[in-house]
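A.B. asks:
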Amino acid sequence: MFTKVPMPELSNDLMRFGTDEPVAEPLLLQAGALSAELEGGNLRYLRFHGGEMLRAISFIVRDKDWGTYQAQISNLRVIQGGGHFSVAYEARVGDANQSFVYAIAISGRADGTLSFDAHGEAVTDFITNRAGFVVLHPIAGVAGQPCTIETVAGQTVSGCFPELIDPKQPMMNLRALTHEFAPGFKLSCRFEGDSFEMEDQRNWTDASFKTYVRPLALPWPYTLPCGKPLAQRVLLSVAVAPQATLRRGSERALLSLRSALGTLPPLGFGLAPDDLEATLLAAPALRQANPQHILIAYDPRRGHDSNTLAALVEAGQRLGVELWLEAVVGSLDAFEAEIAELGRLVQALGSPFRTVLVSPAPDLKCTLPGSVWPPCPDLADIYRAARRAFPGVRLGGGMFAFFTELNRKRPPVALLDLVSFTTTSLMHAGDDRSATEGLESLPAVAASVRTFIGATPYHVGPSAIGMRANPYGEAPMANPHNIRQAMNRADPRQRGSYAAAWMLGYVAHFARGGATALTLGSGAGDFGLVHTPATYPKPWFDSHGGVYPAFHVFKGLSALARCPTVDVASSMPREVQAIGARSDGRLEVWVANLTGSPQLVELPVSSFKRIATLDEHCFTAATSDPEILAAQERSLGSTVVELSPYAVLRLR
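So the sequence shown is residues 22 to 673, counted in the numbering used here.
Below you can see the structure in the form of structure tokens.
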């Protein structure tokens, strides 16, 4: 697995993202103090005097499984100058069966006013779950803050952006929403053309509050009739109080050591039957990654039986670590008998599982607010049956789907030893910035789960950048062309330094949030740490093999499992994240650049003597050397270091 061979040069994109897919640079639109980025025909990072007002305004069209169509844009016209900008274009979305066309006009002025107009119609009858505007408010400085709401009926009422994650819609029947995005700076956002409502996207680990067209209480999917026009508009205006000013942000991330957090959660990875062969192939490397547990997935609806379970247990035991079981209960009426039979199968294998997680199959799919819950066994009855079938284990429950579903269907935690849920970074968007931005939501996830589980320990995973299952449709998106897209299962960034930085940020946030354990993707396969052959291309790795950059982060942090943790605060938490622990009396800190730009990081004075960096400069060596950080370690010459995009460093 680690035989060194001559390696050709690699592009930075392939090393960072696992793909050479071209990504168009966003176009900066500027009208005096108003700025926005034009990306894919939509607006991101709408700012006034440098302060972020909105994260995004997008006109999107979704399919029946909540996938987002990629717009084919034509006749793009952009004009800027004289304190004004304008954008206009035509676009088409659809597939082999249906098509929708629309025209966009955007206008922005120096006083902060902006209009975003859309006019479209279906070329055929068009089946969709949503067609229209989505507006994203950021969470930093917004969560928990007051706002003023104008309803569709014309009433004006006071409201508040939720501080804890709202499982339903915190605001409904919206026509306009006004809030203060900085002291003395008020933004009014008006929505026209339909009824709008808001959801708390932190449920899906997105860093935004999303205001979207068409209430979820209405039927979906629905049909846009051929030829029927659609017209919508978003209008922005800004009011500034006298003498109000905005402070400029820092140009470097200042790290500071804070008090102990407890201990670093142990890290493991998942093992599903589809990845069994790949995991066995990668076993020598995976042992060196030092996982603290392996979570074995068992689902009788997918044909898993005693032979499947035995093979998975044998593979897990080869790695010599603690085994967990994640068991789906498929039966509605005979669930107690099904759980009892699984208990007998496990006992026949020598009762190898320290932890057993159970979930009824209906809970693997979403039930939207206002919808009728499907038939499902009572969770208390399932947990009692599992307690009888698996005596002496740590019994877990919750959701094998996302935090969203756990937040909407909260389990009887008094019957559990452990509450579990998963996340994905690609629920609503597939671009590089959105996936790492989502890490900002994790503190709210940790705080929110504590409000309804109390002191019960919680576990997160198996979680990765990609989506292992789709609670909202048939399946995650197939990705035969190795691209970035929302709802990807096999995401190319899993193979790049991007995943290493993302993993470090993920662990840092949940370590602060008190997670008992984390299961990060899988050892091999779509969410793996090690290359193995697949039915889709894995550029460069298919001819060279080896481990991915995330392997080294997993290995390093797993070695610190259960060690006293030291919180490392970052003055730029969106851009730079860090976590530390003390092992054998020695402080060790890991730092990640979560952006596509170099970042200056100022370290605590005199706290560290040695540094090792994981980035594109050692990429090829890192794929073949599991001890690359030891080989890279050198004396720390300065307390200010520059991290290249998505680089990770270790300090001692």
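Where a beta carbon is used, it is the ideal one built from N, C-alpha and C, also for glycine.
The structure presented is a predicted model; accordingly, all values stated were derived computationally and were not measured.
Quick one: is Gly526 buried, meaning 16 or more other Cβ sit within 10 Å of its Cβ, or exposed?
C.D. replies: Residue mapping note: residue 526 aligns to position 505 of the sequence shown, counting from 1. The residue is buried, with at least 16 neighbouring Cβ atoms inside 10 Å.
A.B. asks: Can you name the start and end residues of the alpha helix (DSSP H) that Ala406 belongs to?
C.D. replies: On the sequence shown, position 385 is the one that residue 406 refers to. That run of the alpha helix (DSSP H) goes Leu400 to Ala410.
A.B. asks: Thinking C-alpha only, which one of Pro246, Tyr66 and Gln620 is nearest Ser229?
C.D. replies: As a working note, residue 229 is residue 208 in the sequence shown. Ranking Pro246, Tyr66 and Gln620 by Cα distance to Ser229 puts Tyr66 first.
A.B. asks: Using the beta-carbon count (16 or more within 10 Å), is Val342 buried or exposed?
C.D. replies: Walking along the sequence shown from the start, residue 342 turns up at place 321. Buried, by the Cβ-count rule.
A.B. asks: Hey, would you say Phe121 sits closer than 8 Å to Val82, going by beta carbons?
C.D. replies: In the sequence shown, residue 121 corresponds to position 100, counting from 1. In the sequence shown, residue 82 corresponds to position 61, counting from 1. Yes, the Cβ-Cβ distance between Phe121 and Val82 is below 8 Å.
A.B. asks: To the nearest angstrom, report how far apart Phe421 and Trp561 are at their CA atoms.
C.D. replies: Within the sequence shown, numbered from 1, the residue matching residue 421 stands at position 400. Within the sequence shown, numbered from 1, the residue matching residue 561 stands at position 540. Distance between the alpha carbons of Phe421 and Trp561 is about 33 Å.
A.B. asks: Alpha carbon to alpha carbon, how far is Leu340 from Met448? Give it in angstroms, no decimals.
C.D. replies: Counting from one through the sequence shown, the residue named residue 448 turns up at place 427. Counting from one through the sequence shown, the residue named residue 340 turns up at place 319. Rounded to the nearest angstrom, the two C-alpha atoms are 32 Å apart.
A.B. asks: Is the shortest distance between the beta-carbon of Lys249 and the beta-carbons of chain D less than 8 Å?
C.D. replies: Note that chain D does not occur in the displayed structure, where there is just one protein chain.
A.B. asks: Could you tell me the distance, in whole angstroms, from the CA atom of Ala582 to the CA atom of Ala406?
C.D. replies: Your numbering for residue 582 matches position 561 in the sequence shown. Your numbering for residue 406 matches position 385 in the sequence shown. So the two alpha carbons sit approximately 32 Å from each other.
A.B. asks: State the beta-bridge partners of Lys630 as determined by DSSP.
C.D. replies: Here residue 630 refers to the residue found at position 609 when the sequence shown is read from its first residue. Answer is none; Lys630 lacks a bridge partner.
A.B. asks: Using 8 Å as the threshold, is the segment 255 to 273 in touch with the segment 290 to 301, meaning 3 or more CB pairs across them?
C.D. replies: No: the two stretches stay apart, fewer than three of their Cβ pairs being nearer than 8 Å.
A.B. asks: Just checking, does the segment 249 to 262 make contact with the segment 182 to 194 on the three C-beta pairs under 8 Å criterion?
C.D. replies: The segment 249 to 262 vs the segment 182 to 194: no contact.
A.B. asks: Tell me whether Arg68 sits in a helix, a strand or coil according to DSSP, three-state version.
C.D. replies: Counting from 1 along the sequence shown, the entry for residue 68 is found at position 47. Strand.
A.B. asks: From Asp512 to Gly413, what distance separates their C-alpha atoms?
C.D. replies: If you number the sequence shown from 1, residue 512 lands on position 491. If you number the sequence shown from 1, residue 413 lands on position 392. C-alpha separation (whole angstroms): 38 Å.
A.B. asks: From the DSSP output, in three-state form, read off Asn33 for me.
C.D. replies: Against the sequence shown, residue 33 aligns to sequence position 12. Residue state, collapsed to three classes: helix.
A.B. asks: Assuming Ala331 and Ala545 form a contact by the criterion Cβ under 8 Å, report the distance between their Cβ atoms to the nearest whole angstrom.
C.D. replies: Looking up residue 331 in the sequence shown gives position 310. Looking up residue 545 in the sequence shown gives position 524. Ala331 to Ala545, Cβ: 19 Å. No contact.
A.B. asks: Rounding to the nearest angstrom, what Cα-Cα distance links Arg211 and Lys189 in this structure?
C.D. replies: The count along the sequence shown starts at 1 and reaches residue 211 at position 190. The count along the sequence shown starts at 1 and reaches residue 189 at position 168. So the two alpha carbons sit approximately 22 Å from each other.
A.B. asks: Taking a contact to mean a Cβ-Cβ separation below 8 Å, would you say Ser462 touches Thr226 in this structure?
C.D. replies: Translated into the one-based positions of the sequence shown, residue 462 becomes position 441. Translated into the one-based positions of the sequence shown, residue 226 becomes position 205. It is a contact, given that the beta carbons lie within the stated cut-off.
A.B. asks: Just to confirm my understanding: we take Pro558, look at its own chain, exclude 5 residues before and 5 after, and list those with CB closer than 7 Å. What are they?
C.D. replies: By one-based count along the sequence shown, residue 558 stands at place 537. Within the same chain, Pro558 has close Cβ partners Asn503.
A.B. asks: For Ala161, does the three-state DSSP call read helix, strand or coil?
C.D. replies: Position 140 of the sequence shown holds residue 161. The answer is coil: DSSP assigns Ala161 none of H, G, I, E or B.
A.B. asks: Could you tell me the alpha carbon to alpha carbon distance between Gly459 and Pro381, rounded to whole angstroms?
C.D. replies: Along the sequence shown, one-based indexing puts residue 459 at 438. Along the sequence shown, one-based indexing puts residue 381 at 360. Each residue's alpha carbon lies about 28 Å from the other.
A.B. asks: Mind checking whether Phe290 and Ile315 have CB atoms under 8 Å apart?
C.D. replies: Within the sequence shown, numbered from 1, the residue matching residue 290 stands at position 269. Within the sequence shown, numbered from 1, the residue matching residue 315 stands at position 294. Against a cut-off of 8 Å, the Cβ pair of Ile315 and Phe290 comes out as a contact.
A.B. asks: Opposite Thr172 in the DSSP bridges: which residues?
C.D. replies: By one-based count along the sequence shown, residue 172 stands at place 151. Paired residue(s): Leu195.
A.B. asks: Tell me the DSSP secondary structure of Thr388 in three-state form.
C.D. replies: Working through the sequence shown from its first residue, we reach residue 388 at position 367. If DSSP states are grouped into helix, strand and coil, Thr388 belongs with coil.
A.B. asks: For Ile360, is the classification buried or exposed, using 16 other Cβ atoms within 10 angstroms of its Cβ as the cut-off for buried?
C.D. replies: Numbered from 1 along the sequence shown, position 339 holds the residue referred to as residue 360. Per the 10 Å Cβ criterion, buried.
A.B. asks: Specify, as a first and last residue, the run of the alpha helix (DSSP H) that Val367 falls within.
C.D. replies: Residue mapping note: residue 367 aligns to position 346 of the sequence shown, counting from 1. From DSSP, the alpha helix (DSSP H) with Val367 extends over Phe356 to Ala369.
A.B. asks: Would you decide whether Pro27 is buried or exposed? Buried here means 16 or more other CB atoms lie within 10 Å of its CB.
C.D. replies: In the sequence shown, residue 27 corresponds to position 6, counting from 1. Because the pLDDT at Pro27 is just 42, under 50, the model does not fix this residue reliably, and the value given afterwards should be weighed accordingly. Result: exposed.
A.B. asks: Per DSSP, Arg671 is paired with what?
C.D. replies: For the purposes of this step, residue 671 is taken as residue 650 along the sequence shown, with counting starting at 1. According to DSSP, Arg671 bridges with Trp611 and Ala633.
A.B. asks: For the structure I just gave you, are there three or more beta carbon pairs, one from the segment 467 to 475 and one from the segment 531 to 539, closer than 8 Å?
C.D. replies: A contact exists between the segment 467 to 475 and the segment 531 to 539.
A.B. asks: What residues are listed by DSSP as bridge partners for Met219?
C.D. replies: Stepping through the sequence shown from its first residue, residue 219 is reached at position 198. Met192 and Thr232, per the DSSP bridge assignment.
A.B. asks: Where does Gly153 fall in DSSP's three states?
C.D. replies: By 1-based counting over the sequence shown, the position of residue 153 is 132. Reduced to three states, the DSSP call for Gly153 is strand.
A.B. asks: Suppose you measure from the CA of Leu670 to the CA of Glu357; what does that come to, to the nearest Å?
C.D. replies: What you label residue 670 is simply residue 649 of the sequence shown in a count that begins at 1. What you label residue 357 is simply residue 336 of the sequence shown in a count that begins at 1. Spanning the two alpha carbons is a distance of roughly 50 Å.
A.B. asks: Is Val568 helix, strand or coil by DSSP?
C.D. replies: Locating residue 568 in the sequence shown gives position 547, counting from the first residue. Looking at Val568 - three-state DSSP - the assignment turns out to be strand.
A.B. asks: Among residues of its own chain, excluding the 5 on either side of Lys386, which ones have a beta-carbon nearer than 6 Å to its beta-carbon?
C.D. replies: Start at 1 with the first residue of the sequence shown, and residue 386 comes out as number 365. Answer for Lys386: Pro492, listed in chain order.
A.B. asks: For Met9 and Thr134, what's the separation of their Cα atoms in angstroms?
C.D. replies: Residue 9 lies beyond the range of the chain shown here (22 to 673); nothing can be said about it.
A.B. asks: For a quick check, are the C-beta atoms of Leu276 and Val622 less than 8 Å apart?
C.D. replies: Within the sequence shown, the letter at position 255 stands for residue 276. Within the sequence shown, the letter at position 601 stands for residue 622. Contact flag set, yes.
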